[in-house]
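Down below is the structure, laid out as structure tokens.
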Amino acid sequence: MNLKSLEKRLTYLTANAIRDYRMVEDGDHIMVCLSGGKDSYAMLEMFRLLQQRAPVRFDITAVNLDQKQPGWPEHILPDYLDSLGVNYRILEQDTYSVVKSVLPEGKTMCSLCSRLRRGALYTAAEEMGMNKIALGHHRDDLVETLFLNLFYGGRLATMPPKLKSNDGKHVVIRPLAYVPEQYLEQYAGHKAFPIIPCNLCGSQPNLKRAEIKRMVQAWEQEDPNRLNVILRSMQNVRPSHLADTDLHDFAGLQGSVAPGMPDPVTGEEDAFAGLQADRVDAS
Ligand code: SF4
């Protein structure tokens, strides 16, 4: 896809997600979290484009947390952001040393690293008076996280497009929730974003996430629409057709047929009542 069509497609998907979840409202000041990866660069571009066209007025500040990984190229993001002329802040917090000191050598550090980063960003958002925090997770991240939780976490959950933080102070938004990762890869190539790799820390790759990613990518090759269908299914949840007693009152379900009485329509006996009677007889 050429840059113009790709950008049109990206803004369309991003604007749809923003509208569907009311991610952006008049007067918002949004912290656009910039990691140096392709997704966050693209998200910043989307906000810049939508700022010109959106019917609401909102401010953005790009924020990067310098986590003090060895070899982090400090100048790349400031140079890039200066060239765009956007408001930005570079925060500094040595979470790298914290993670290194807490986790044994060779352990995957991403989970703790991300939690520390999130904490630092939430604190900064509050200090700087930003009411929304935008993260660059895309459609494939949502799908992969769903299966990661399903296969290894024993729960049906993903990264939601919009989320209130546990302390109730922050709203986290994911405006790229509808965007396929391959569009972001192509866009990064067209725009020549100055990508900073996320492996400077030397963390071991998360093998489970890598396995799920491979599985999801294989599906996508088999059927290019499959991830969109999975995304749609996350938007079309039927708690009464799952099995979570907290979400649906299964215990309170009552039919109109009294136990043991034939159904007035079908004439059938209550099968469960019969089963209980059999069990009693057998004992
Ligand atoms: S790769 Fe390194 S910097 Fe990136 S999230 Fe994982 S631990 Fe943090």
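Residue 3 is where the sequence shown starts when you use our numbering, and the numbers rise one by one after that.
Backbone N, C-alpha and C define an ideal beta-carbon position, used for all residues, glycine too.
Since we're looking at a predicted model, the values are computed, not measured.
Beta-carbon gap between residue i and residue j smaller than 8 Å
| i | j | result |
| --- | --- | --- |
| residue 115 | residue 97 | yes |
| residue 16 | residue 46 | no |
| residue 218 | residue 173 | no |
| residue 41 | residue 138 | yes |
| residue 142 | residue 183 | yes |
| residue 8 | residue 188 | yes |
| residue 88 | residue 56 | no |
| residue 38 | residue 66 | yes |
| residue 196 | residue 82 | yes |
| residue 206 | residue 70 | no |
| residue 236 | residue 150 | no |
| residue 79 | residue 100 | no |
| residue 11 | residue 185 | yes |
C-alpha gap between residue i and residue j, whole angstroms
| i | j | result |
| --- | --- | --- |
| residue 31 | residue 213 | 37 Å |
| residue 133 | residue 62 | 11 Å |
| residue 140 | residue 107 | 30 Å |
| residue 231 | residue 90 | 37 Å |
| residue 278 | residue 259 | Note on residue 278: pLDDT 49, under 50, position unreliable in the model; the coordinate value appears next. Each residue's Cα considered, the two are about 16 Å apart. |
| residue 193 | residue 4 | 11 Å |
| residue 152 | residue 244 | 13 Å |
| residue 59 | residue 33 | 15 Å |
| residue 283 | residue 261 | The pLDDT assigned to residue 283 is 42, lower than 50, so where the model puts this residue is not dependable, and the model offers no usable value. |
| residue 332 | residue 130 | There is no way to answer for residue 332, as the model of the chain reaches only from 3 to 285. |
| residue 102 | residue 20 | 37 Å |
| residue 43 | residue 252 | 46 Å |
| residue 249 | residue 163 | 20 Å |
| residue 75 | residue 199 | 10 Å |
| residue 285 | residue 239 | Low per-residue confidence applies at residue 285: pLDDT is 33, beneath 50, and the placement is therefore not dependable, though the value from the model is reported in the following sentence. Each residue's alpha carbon lies about 42 Å from the other. |
| residue 178 | residue 254 | 40 Å |
| residue 221 | residue 228 | 7 Å |
| residue 54 | residue 23 | 20 Å |
| residue 226 | residue 85 | 37 Å |
| residue 280 | residue 257 | Legend: pLDDT at residue 280 = 45, less than 50; position of this residue unreliable, value from coordinates given subsequently. Computed Cα separation, rounded: 22 Å. |
| residue 276 | residue 234 | Any reading at residue 276 must be qualified, since the residue scores a pLDDT of 49, below 50, and its modelled position is unreliable; no value is offered. |
| residue 216 | residue 161 | 19 Å |
Any non-hydrogen atom of ligand 1 closer than 7 Å to residue i Cβ
| i | result |
| --- | --- |
| residue 111 | yes |
| residue 116 | yes |
| residue 203 | yes |
| residue 200 | yes |
| residue 69 | yes |
Boundaries (first-last residue) of the beta strand (DSSP E) holding residue i
| i | result |
| --- | --- |
| residue 61 | 61-68 |
| residue 136 | 134-136 |
| residue 94 | 90-94 |
Element boundaries [alpha helix (DSSP H), containing residue i]
| i | result |
| --- | --- |
| residue 231 | 228-236 |
| residue 78 | 78-86 |
| residue 31 | Residue 31 -> not in any alpha helix (DSSP H); beta strand (DSSP E) instead, spanning 31-35. |
| residue 118 | 112-129 |
| residue 181 | From DSSP, residue 181 is part of no alpha helix (DSSP H); its letter is neither H nor E. |
| residue 214 | 209-224 |
| residue 173 | It is not in any alpha helix (DSSP H) - residue 173 instead sits in the beta strand (DSSP E) that spans 173-175. |
Chain B contact for residue i (CB, 8 Å cutoff)
| i | result |
| --- | --- |
| residue 206 | In the structure shown, chain B cannot be found, because there is only a single protein chain. |
Touching or not, the segment 116-127 and the segment 161-173, by the rule of three or more beta carbon pairs under 8 Å? yes
Touching by the beta-carbon criterion (3+ pairs, under 8 Å), the segment 153-161 and the segment 36-50: no
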